[in-house]
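Asks: Below is a structure I'd like to ask you about.
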Amino acid sequence: MVALLEQLPYLVAGFVFGCGLYGVVTSRHLVHLVACLAVVQSSTYVILVGIGHRKGGQAPVFLDVPVSTPAVDPIVQALMLTDIVVEATVMALLLALALQVHTRAGTMDPDEICRLRG
Amino acid sequence: MSLRTRFALFFFSLGALGVLYTAAVLDLPRVGHGVGVYAATLLDIAVEETHATDVVTAVTFGYRAIDTLGEELILFAAVIGVSVIMRRHSDERDATERELEQPLMVRPASSESDAVRVLTAALAGISVTFGLYLATHGQVSPGGGFQGGIVLASVPLLVYLAASPERYFRLAPAALLERGEALGILAYLGIGLAGALFGQAFFENVFPLGPRPSSVVSSGMILLLSLATAIAVATAFVYLLTSFVEEALRQRLAR
Chain Y
1 MVALLEQLPY
11 LVAGFVFGCG
21 LYGVVTSRHL
31 VHLVACLAVV
41 QSSTYVILVG
51 IGHRKGGQAP
61 VFLDVPVSTP
71 AVDPIVQALM
81 LTDIVVEATV
91 MALLLALALQ
101 VHTRAGTMDP
111 DEICRLRG
Chain U
1001 MSLRTRFALF
1011 FFSLGALGVL
1021 YTAAVLDLPR
1031 VGHGVGVYAA
1041 TLLDIAVEET
1051 HATDVVTAVT
1061 FGYRAIDTLG
1071 EELILFAAVI
1081 GVSVIMRRHS
1091 DERDATEREL
1101 EQPLMVRPAS
1111 SESDAVRVLT
1121 AALAGISVTF
1131 GLYLATHGQV
1141 SPGGGFQGGI
1151 VLASVPLLVY
1161 LAASPERYFR
1171 LAPAALLERG
1181 EALGILAYLG
1191 IGLAGALFGQ
1201 AFFENVFPLG
1211 PRPSSVVSSG
1221 MILLLSLATA
1231 IAVATAFVYL
1241 LTSFVEEALR
1251 QRLAR
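Written out as structure tokens, the structure reads:
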């Protein structure tokens, strides 16, 4: 149990992932579905920050502290930036698709769209 | 599939995933103790080698600059994708364009709330300053081209909320956005190619590093790439916003 608590960031990431997935499964509106997908993806941010964390480390910015100060992993933080950009582009594309669905099918409910198409 | 079956399937799968995930997490290195060799090396040498005091920016625009090129191309692809998806059929487009050319007086302001209008108008100037600060100081303190570009991209949206759609389109005309996006990506590629032209590797720094790490005009390629990225990101996101704003206007006119 103690070992599990030490891994809290990973567990939080799993929890956020589960919450987002629950939203995706139960969604009744396409925009809500896209937002839930954003929640799923934000679990990866928690994972990345957790991987890069170092006990007692500060942010990897050495403007006013000596270079030898212990700092957290800068590479995963750069990767997180990529992650955020990808999420933003995915959101934009999915929202555009949702708008098109609304124009063509006249509904935003995923279940109803399935019924329409059979 | 009925809702009940779906829930059963979902919770069964989630439970299975939870068990496997917990088992996997217990096998991972303890949080806060496993710092990679690559990270340790970078923290030792990055400031001296690139003259950037923000190592995250040094990684983004220095050591992994070629990955960031890929990231910019993802953004570019998304812009193309959204404009293709939102494209209207020619007859639809003619109708909306005629409607969009209605005289100014007919159309209402974007927001009917005075509080929203005052607050967004006040925020616009601050956002411009903050966005430029982030884009130009990424090598010194937290920030960089992506962050600065996003903050700058929010300015036209604030103008849209504070004033009217006309002001929005005057501030950010589509022609400017298209050229800005192309310019940003070409500048990024050009800075990368400069390395190759001077006999170094693609995306190797050939620009002067500046006097000392903590000054704003330092870190050579990193500052330039950050600026090019800010232009590309800001124009790309405003272009995406424009697609949605146009759609919102169409819906409002149709009513």
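Order-wise, the sequence lines are chains Y and U. Residue 39 in our numbering sits at position 39 of the first sequence, and the numbers go up by one each step. Residue 1105 in our numbering sits at position 105 of the second sequence, and the numbers go up by one each step. Cβ atoms here follow ideal geometry from the backbone N, Cα and C, with glycine treated the same way.
1) Mind listing the chain Y neighbours of U:Ala-1078? Cutoff is C-beta to C-beta under 7 angstroms, in chain order.
2) Might you give, ordered along the chain, the residues of its own chain that have their beta carbon closer than 7 angstroms to the beta carbon of Y:Leu-30, omitting 5 neighbours on each side?
3) Quick check: what's the CA-CA separation for Y:Ile-75 versus U:Leu-1186?
4) Do U:Val-1031 and Y:Gln-7 have their C-beta atoms closer together than 8 angstroms?
5) Here's the rule I'm using: 16 or more other beta-carbon atoms within 10 Å means buried, otherwise exposed. How should Y:Phe-62 be labelled?
6) Beta-carbon of Y:Thr-82 versus every beta-carbon of chain U: anything under 8 angstroms?
7) Give the C-beta separation of U:Glu-1071 and Y:Thr-44 to the nearest angstrom, bearing in mind that I take them to be a contact with Cβ-Cβ under 8 angstroms.
8) Report the CB separation of Y:Val-67 from U:Val-1155 in whole angstroms; it is logged as a contact under 8 angstroms.
9) If I measure Cβ to Cβ from U:Ser-1214 and keep anything under 7 angstroms in the same chain, skipping five residues before and after, which residues do I get?
10) The alpha helix (DSSP H) with U:Phe-1011 in it runs from where to where?
11) Does any CB atom of chain Y fall closer than 8 angstroms to the CB of U:Ile-1085?
12) From Y:Glu-87, Y:Leu-95 and Y:Cys-114, pick the residue whose C-alpha is nearest to that of Y:Gln-41; which is it?
13) Give the secondary structure of U:Val-1118 by DSSP, where H, G and I count as helix, E and B as strand, and everything else as coil.
14) For the pair the stretch 1121-1134 of chain U and the stretch 1164-1179 of chain U, tell me if three or more CB-CB distances fall below 8 angstroms.
15) So, at 6 angstroms on beta carbons, what are the nonlocal neighbours of U:Leu-1119 in its own chain, with the 5 sequence-adjacent residues on each side left out?
Replies: Working from what's here:
1) As a working note, residue 1078 of chain U is residue 78 in the second sequence. The answer, in chain order, is Thr-89, Ala-92 and Leu-93.
2) Along the first sequence, read from residue 1 onward, the residue named residue 30 of chain Y stands at position 30. So the qualifying residues of the chain are Ala-98, Val-101, Met-108 and Pro-110.
3) The residue labelled residue 75 of chain Y in the question sits at position 75 within the first sequence. The residue labelled residue 1186 of chain U in the question sits at position 186 within the second sequence. If you take the alpha carbons of Y:Ile-75 and U:Leu-1186, they lie about 26 angstroms apart.
4) Counted from its first residue, the second sequence places residue 1031 of chain U at position 31. Counted from its first residue, the first sequence places residue 7 of chain Y at position 7. Yes, they are a contact pair.
5) Taking the first residue of the first sequence as 1, we reach residue 62 of chain Y at position 62. Classification of Y:Phe-62: buried, given that the 10 Å Cβ count is 16 or more.
6) By 1-based counting over the first sequence, the position of residue 82 of chain Y is 82. By this cut-off, Y:Thr-82 is an interface position.
7) Your numbering for residue 1071 of chain U matches position 71 in the second sequence. Your numbering for residue 44 of chain Y matches position 44 in the first sequence. Not quite, the Cβ-Cβ distance comes to about 15 angstroms (not below 8 angstroms), so this is no contact.
8) Mapped onto the first sequence, residue 67 of chain Y falls at position 67. Mapped onto the second sequence, residue 1155 of chain U falls at position 155. That pair is no contact at about 36 angstroms.
9) Position 214 of the second sequence holds residue 1214 of chain U. So the list reads Thr-1053 and Val-1140, once near-sequence residues are dropped.
10) In the second sequence, counting from the first residue as 1, residue 1011 of chain U sits at position 11. 1003-1027 is the extent of the alpha helix (DSSP H) around U:Phe-1011.
11) Position 85 of the second sequence, counted from the first residue, corresponds to residue 1085 of chain U. By this cut-off, U:Ile-1085 is an interface position.
12) The residue given as residue 41 of chain Y occupies position 41 in the first sequence. For the residues Y:Glu-87, Y:Leu-95 and Y:Cys-114, the minimum Cα distance to Y:Gln-41 belongs to Y:Glu-87.
13) Indexing the second sequence from 1 puts residue 1118 of chain U at position 118. Three-state DSSP puts U:Val-1118 in a helix.
14) no
15) As a working mapping, residue 1119 of chain U is identified with position 119 in the second sequence. Answer for U:Leu-1119: no residue qualifies.
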